[in-house]
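Protein chains in written order, with my numbering: chain A, 1 to 490; chain B, 1001 to 1490; chain C, 2001 to 2490; chain D, 3001 to 3490. By construction, the Cβ of each residue, glycine as well, lies at the ideal position given by its N, Cα and C atoms. Comments concern the structure below.
4 protein chains.
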Amino acid sequence: MTGLDTLRSPLSFLRSRVRHIPHCNTLDAEEGWWSNEGVAISDAIDRAGTPWLRMFDRFGKRGDEILYPREYQTILRRGYRSGVVWRAQEENSLIPAYLLMYTISFYDPGICCPYTVSLGTAVPLAKYGSAELQDRFLAQLLRKDDTVWQGATWMTEIKGGSDLGAAVETIARPGGDGWLLTGDKYFASNVGAELAVVAARPDGAATGVRGLALFLVPRYRKDGALNYFVRRLKDKIATRSVPTGEVELKDSEGYLLGSADSGIYLILEVLNLSRVSNSIVSVALAQRAMAGALSYAEHRIAFGKRILDQPLLRHQFENRLNALRSAFALAWHSVQLLNEVWMERPPYSERYHMFRLVAHLAKYWTAEFAVDTAKWAMEVHGGLGVLAEYRAERWFREAMILAIWEGTSHRQILDGFEVMERKRAHRMLFQRLMEITPSKALQDMESEVERHFKLPPEQREALAEPVFRKLAALTADTLACESKWDDKKT
Amino acid sequence: MTGLDTLRSPLSFLRSRVRHIPHCNTLDAEEGWWSNEGVAISDAIDRAGTPWLRMFDRFGKRGDEILYPREYQTILRRGYRSGVVWRAQEENSLIPAYLLMYTISFYDPGICCPYTVSLGTAVPLAKYGSAELQDRFLAQLLRKDDTVWQGATWMTEIKGGSDLGAAVETIARPGGDGWLLTGDKYFASNVGAELAVVAARPDGAATGVRGLALFLVPRYRKDGALNYFVRRLKDKIATRSVPTGEVELKDSEGYLLGSADSGIYLILEVLNLSRVSNSIVSVALAQRAMAGALSYAEHRIAFGKRILDQPLLRHQFENRLNALRSAFALAWHSVQLLNEVWMERPPYSERYHMFRLVAHLAKYWTAEFAVDTAKWAMEVHGGLGVLAEYRAERWFREAMILAIWEGTSHRQILDGFEVMERKRAHRMLFQRLMEITPSKALQDMESEVERHFKLPPEQREALAEPVFRKLAALTADTLACESKWDDKKT
Amino acid sequence: MTGLDTLRSPLSFLRSRVRHIPHCNTLDAEEGWWSNEGVAISDAIDRAGTPWLRMFDRFGKRGDEILYPREYQTILRRGYRSGVVWRAQEENSLIPAYLLMYTISFYDPGICCPYTVSLGTAVPLAKYGSAELQDRFLAQLLRKDDTVWQGATWMTEIKGGSDLGAAVETIARPGGDGWLLTGDKYFASNVGAELAVVAARPDGAATGVRGLALFLVPRYRKDGALNYFVRRLKDKIATRSVPTGEVELKDSEGYLLGSADSGIYLILEVLNLSRVSNSIVSVALAQRAMAGALSYAEHRIAFGKRILDQPLLRHQFENRLNALRSAFALAWHSVQLLNEVWMERPPYSERYHMFRLVAHLAKYWTAEFAVDTAKWAMEVHGGLGVLAEYRAERWFREAMILAIWEGTSHRQILDGFEVMERKRAHRMLFQRLMEITPSKALQDMESEVERHFKLPPEQREALAEPVFRKLAALTADTLACESKWDDKKT
Amino acid sequence: MTGLDTLRSPLSFLRSRVRHIPHCNTLDAEEGWWSNEGVAISDAIDRAGTPWLRMFDRFGKRGDEILYPREYQTILRRGYRSGVVWRAQEENSLIPAYLLMYTISFYDPGICCPYTVSLGTAVPLAKYGSAELQDRFLAQLLRKDDTVWQGATWMTEIKGGSDLGAAVETIARPGGDGWLLTGDKYFASNVGAELAVVAARPDGAATGVRGLALFLVPRYRKDGALNYFVRRLKDKIATRSVPTGEVELKDSEGYLLGSADSGIYLILEVLNLSRVSNSIVSVALAQRAMAGALSYAEHRIAFGKRILDQPLLRHQFENRLNALRSAFALAWHSVQLLNEVWMERPPYSERYHMFRLVAHLAKYWTAEFAVDTAKWAMEVHGGLGVLAEYRAERWFREAMILAIWEGTSHRQILDGFEVMERKRAHRMLFQRLMEITPSKALQDMESEVERHFKLPPEQREALAEPVFRKLAALTADTLACESKWDDKKT
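Now the structure itself:
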């Protein structure tokens, strides 16, 4: 199998990049099912567009039922059964979940959004939830059958998602046997979930991020009534199967996770999981777009030969394959680091901060790469690329969502620099990279970063982008060297 | 008015870049109408999606009627009245047409597709059509009222658009009082046009591009029957108002333009017009996306201030404004050169070949810039960028079509290198650039191009992209220096 | 012109049925514009489906903007300019408004919904509003240009529209300089209107219909903020251009019309206007469906002749033309009676009660006729009748809405019997019918009605339908005799 | 179980009407699956609308692939497995097929269209196909697993479906190892079927219906290429899952069924199967609409009690249940008669002609009843009836298609009278009805029919409708007496 051949299947590519892959049988089964069945379902769901919200039933009872194309459940439940959530708890490792997500999102990038937010609900509950809360809710999230509960992570309000300290206006007041939350969540993914983690400010708490706390909010109240309301679903350009909506909390029953004053740490830990997912999905999507371009380029003839055999395009395929490997190495490193630190609690270790830096680099770099690759794959298809009839344009739409969700590039750059500045996280990273391949380029990069910190603050921010981009590229390429052994094999 | 303020209106930007703008009143009126009325119509048409094809009327008569949202006609006819076609003939200049297109496509990038192909029908008819053909058809294309005929330029068939020599299988046989054409056109923009120019191979002509000829094909036969058939309309991700379809020619009446053996030259001359349009539209779209981002960044508050005032974003705005100016300078230079050479016939002058090179550079560079800018503008909008409800995502879809139509980047790079290699078109370009600002960078670039030609053919093609990109960027930046006078002013 | 020919235009038919038609020029102009321009717009709007609701602007500000296909405004504003509302006030007559509605709804049955509810807002304001309220709001509703305000009449809540006494849960509390209303309206037509009349129960008022009052609720509060909220728009099978939605009142500023304890009378007066509109629109729609069937039957050939010339179909056309004339006579009689009594206030005259009976008969009979005729017209079209591509199926969908809005047949039957039982309204009706053509059939009918009242209550209701149907048919046929003069002429 | 309770399930109703029901387990399983799973799938497919046609694959190869919502296959294949086609052959009886269709179409009326046309392909092949043709094709149509082939019956062309003699312009010429067909089919249900029966005129055959012959046309040619082409799919108001399109035959390989000069008999035999299906589906749909109305009326409260308990509505439910029983009796009688005569070949028995009359009466009466019932059920739902969100409006759309397909009422009336006039088919029918319950009403009806035949031809046709309607109603009511035993039981 040549390198290009590994593009055709997610597992082939994973095998060429990751030395030890647990649960190969499960992954094989996923891949087989998806390539035979799932792909056509996923296509049909994308065509069908945003699910419907049936707010009231025929008898006038508010139910906020989400009407999916039915087969969405087929796809969705499958991943839960295979272990995108329960394996993390049971095996005490995130590796199987992210391997599953890579495999699945090669076929449907949107579906990993519910998986990620369900994981992002189960993990803090298991880590910070009281015994009583765990008794009441954890088992449902970890079920291995189709009765599994879904989770959701609702932070963003109408004023935006980046400055949570200012934007979260949802208030929690003591009440019931816990808290009662009131406020509107403006970008709520996976609405309809049986359980959500929700950022809110306990009444009277400090302003800014320090005053935020994290609450569990179930779909139904203790008395069986709806506990939150779905105002509407949003029509997005991609991840069309996932119901993203606006949620109204009206004295909704909530349960505090951890202590009220450490909420922001819990929120960031939830974001860590999503950001790493976003990176994994981005690389899988890039691979998928390349796989589509490859099969097209093998069949399309121009000027008497396959377009794959024309030097310019061939060269682009090879270069991009290398870039894919680098992007994967960076994303996978973020997975591995997260897997080391995910059970830490504040105050965090140095390694945790290094993880945060790598996660920012990976989120940034892989999403950029996914968009660029999807664009390129569309161009390989020529005019067919712009037609809804074929799927090249879909990858382009899906990729762009990845570049925005979980924080745009701006956010990654600024937060990445913050963790370097405050926690010196780059030191540990450079040390790690040097162990792989000591090089002049790495030394120069480190100096450039340090010089950058000496700029006046305004300029430091203004000029941050090219430095961060260079750092991400170099980190990715260096990490990719570790798996070089395998390039020869393939 | 600061530089950023020029982003808000197409005319403000044009005024800051072009010394002498003819017909300012007309352009002002266009801009006024569009910002008050047209924008909402354009939005509604994009939401409504692809027009419908009503193939048969209720009584079973084939009519191939295209059912538009009615207001599409309001938009469409307006541009024709303002002169996107008739001015070229009447004023013997393409400048007014392209200024109009820039102004209009700031508000609706798709609408310039019908204008361009109508121009691409009128121009060869006026230049190469017999007196009889001109008598019969030209006046209708140049009407200044709503009875104006539309044109269309149909080359591409199912085997693709880049290798026309192999892909055009439409055959023309002598018949009627001209020719009868039979074949299928697979990517036919502006179907429903009253008159099209169509590439076909006269029966018995040579294979390859040399055997192609260009024919006029009216919508209706002399006896009033349909002369071509619309098999279906295509569902595209953008330019949703424009009916792009598949056309069946079945002994369709056609009229030869020019001589049968010079057809390929005529075809390429038609492409010249479209490629330059594509560049102009790309820059206008990039400006529009930036204008949207600007108005958003002025209103959105995060971390206590407008996001426009945050150093990283501010810096990006300023950099991108410079890049917009460079891209415009390159596109506009292609307009000016085309305006000098558009009446040439083969054998062409050196200046014509330089135009071709500049047109390739401009098509490539401006489309890349448009996609990149639309992506960036989406990110500035954060989560709102992915919602169909707001228009940031539309510019992204529209931009991607511009990157594909009239030849993808691959095509521009390879054809650009061909005209450099065969016609030494870069010599004249470098000479021109040196006159603007002689620089080491230009000298180095010229050497790099010459070195590149010494590579073995396979490698020459494989490694063409970075050289071409660098050449395009340098050409754009150098040309932008000419209008530097104006940056100060604004 | 034969009788069938009058089907082709609304005015031709009106001229054959109504002796004196005021403002013929206006109606002529409406008909001309609609047949040339409006029809295509109306078709396109139907295809485009439900308008969009943009709840928040890009900057997070709630605006509840309704996004129409832009040309909806072209259609809509035209009718207001022509006088569907202002003429009623200025000319002190409803005749011109209903003639306009007949003419317009021949082309677009849905558009008369906004007209009717605007009329239903202006009339009670002019009749019952305080001088201050009239000063503040009336002139805007009566404007003759495109700045005219629209009205709306919101009664129905989630528990249904027939039993308002039990279903209206919206509460009005004194506050501001009037009242503050809180509650949800579930079927709110023409949401987005600048001014609505709203049924609500003043806090502490009696239960049942007696405790209801009617309030004016403007779109914006005195301080410029939104005064009511649009929760969502509903996807209906017809009247696709009209935004019907759910409205949330949250301490919304309201102004009492009339006295608090006579609210139910005002509500019923508003319903009178709508019910009569519904009848007029139903007849116009039936005529339109027949016109479509006629033009089809004239062109379609089967078994060697036009299907119009085949005896069975010919016979059906002639029968149905007579039925159309009867239905029109009934509807028009309801218009004429309303025009006599619309300024009455409780306690009402006997004539008012006769009007109510005729309005129930007309609403019931004309809607049944519209559905039946639309079904028949679809069948005339054969297989083409079921295709979205042609418009036969649209009339079917539109007709069915008319059979439901403003009270289904059940409601008309029961309320019709109530006004007969309580107010002996049938006596006056029979007297009137006898004056036209004294007949045994009328005598028998009167006896049958009287016998019916002697049944035990349960049975009286159970068996009401066939009696009511017979009464409606006989009334319609008898009234049609009055315009018999004209059948000969045509 | 009361009578109304039988409305809730198709099998309950069947059990109350049919003495012996074979394969109860299979029907039970169907009903169980549909009420648990199928209903939600069917709803989602209706929302998704017309399937897509992917005419060309990415590589430019024409494939005419029909893109369904994937779960359509789940639904579709299930019915084939259960035996809607294979049981007819294997058990030598149509009873099981029509019982299955009743059960299934209670949940999804459209899905029985493919079943019917597949049956309409298998039956003539088994009856008239040469041994060679049966060897080649029959087994595939009778498979009991998901590899089953689908059939299709394509008669109608652009000039219409009622006058096949004039409208069929498809020509068959000897060629290949059979015939080559060329022409366009305008209303082609179940396009994409692996095998179709197609009406065409052998070159040189007589004009009119006598010159028509019936051909088998497979989807793929012997050499594997496409044998027919799908020009487009049609957007219908109902049966949204079924791909109805236009088919182009271009020298398509065809195989003659029976002799060339008896084609019209074969065509009519195929229509017999469809007409009986249409009747069965109509009754099932009426039951379904009533079931929906019932569950609504049980829950909705107005004026202090369930609307089901209000006398007028209660009375309507009871009346309509009786009407449903009559309609079923008529439809089921057409099934039983067909089951007796379906293996007959021309010249046919008297019983065959009686079947034809009953089939016309049943098709006419049940479709009218289905539309009327669906309309009534919508009205029971009040305003909710017009919303796409709930399903009441769907039954209305579906019913109207049943009133048009397989011949509108006009067609049934005229053809029904023809078989009475030419074959005296009513004599045998009256004899049969008299055996059930001799009555004055039957005697009067027979006299009325005989008197009708004495009218002059033009008048005979013009006045045919009321006689036919009365005959249908009386026949249905009389046949319903036979199952009266059961009304008591329930």
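Checklist entry - Where Q2089(C) and E2340(C) are concerned, what is the direct C-alpha to C-alpha distance, given to the nearest angstrom? => result 14 Å
Checklist entry - Thinking just about the alpha-carbon of each residue, which of I75(A), R54(A), T373(A) and R58(A) is nearest to the one in E65(A)? => result R54(A)
Checklist entry - Which runs of the alpha helix (DSSP H), 4 residues or longer, sit entirely within the region 233-303 of chain A? => result 263-299
Next on the checklist: Output needed for D235(A): all residues of its chain with C-beta closer than 8 Å, excluding positions within five of it in sequence on either side, in chain order.
Outcome noted: G49 and T50
Checklist entry - What does DSSP give as the partner residues of G3178(D) in its beta bridges? => result G3175(D)
Checklist entry - Are there three or more Cβ pairs, one per stretch, closer than 8 Å when the region 2118-2130 of chain C is compared with the region 2139-2151 of chain C? => result yes
Item to check | Coil, strand or helix - K2305(C) by DSSP | outcome: strand
Next on the checklist: Rounding to the nearest angstrom, what Cα-Cα distance links R1288(B) and A152(A) in this structure?
Outcome noted: 36 Å
Checklist entry - In angstroms, rounded to a whole number, what distance separates the CA positions of D3486(D) and H3020(D)? => result With a pLDDT of only 49 at D3486(D), under 50, the local geometry of the prediction cannot be trusted, and no value is derived from it.
Next on the checklist: On the CB-based measure, 16 or more other CB atoms within 10 Å of its CB, does M2343(C) come out buried or exposed?
Outcome noted: exposed
Checklist entry - If we count the other Cβ atoms within 10 Å of its Cβ and call it buried at 16 or more, is F2328(C) buried or exposed? => result buried
Checklist entry - Beta-carbon separation of M3378(D) and A3392(D) under 8 Å? => result yes
Checklist entry - First and last residue of the beta strand (DSSP E) that includes M1428(B)? => result Run containing M1428(B): none in the beta strand (DSSP E); it sits in the alpha helix (DSSP H), A1425 to I1436.
Checklist entry - Are there 16 or more other CB atoms within 10 angstroms of the CB of F1303(B), so buried, or fewer, so exposed? => result exposed
Item to check | Minimum length 4: unbroken alpha helix (DSSP H) runs contained in the region 301-354 of chain A | outcome: 311-341
Checklist entry - Any contact of the region 2314-2325 of chain C with the region 2027-2039 of chain C, i.e. 3+ C-beta pairs under 8 Å? => result no
Next on the checklist: Do G2178(C) and G2254(C) count as a contact pair if the criterion is CB distance below 8 Å?
Outcome noted: yes
Item to check | Within chain C, the residues that P1069(B) reaches when beta carbons sit closer than 8 Å | outcome: A2044, A2048, P2069 and E2071
Item to check | Enclosing beta strand (DSSP E) for G2120(C) [first to last residue] | outcome: Segment C2112 to Y2128 is the alpha helix (DSSP H) holding G2120(C); no beta strand (DSSP E) there.
Checklist entry - What residues are listed by DSSP as bridge partners for K2185(C)? => result V2247(C)
Checklist entry - Count the other CB atoms within 10 Å of the CB of K3488(D); is the residue buried (16 or more) or exposed (fewer)? => result Residue placement at K3488(D) is flagged as unreliable, the pLDDT there being 45, under the threshold of 50; the coordinate-derived value follows with that caveat. By the 10 Å Cβ count, K3488(D) comes out exposed.
Item to check | Rounded straight-line distance, which links the Cα of W154(A) to that of P346(A) | outcome: 22 Å
Next on the checklist: 8 Å is my cut-off, CB to CB: does K3236(D) come that close to chain B?
Outcome noted: no
Item to check | Same chain, Cβ closer than 8 Å to A167(A), neighbours up to 5 away in sequence not counted | outcome: T156, E157, I158, K159, G160 and G161
Item to check | Residue-chain proximity (Y3390(D), chain A), Cβ-Cβ < 8 Å | outcome: yes
Checklist entry - So the beta strand (DSSP E) A3029(D) belongs to, where does it begin and stop? => result Element bounds for A3029(D): not the beta strand (DSSP E) but the alpha helix (DSSP H), C3024 to W3033.
Next on the checklist: So for A131(A), helix, strand or coil by DSSP?
Outcome noted: helix
Checklist entry - How is D2064(C) classed by DSSP in three states: helix, strand or coil? => result strand
Checklist entry - By how many angstroms is the C-alpha of D1251(B) removed from the C-alpha of I45(A)? => result 42 Å
Checklist entry - In terms of residues, what are the limits of the alpha helix (DSSP H) holding V3085(D)? => result Careful: V3085(D) lies outside any alpha helix (DSSP H) and carries neither H nor E.
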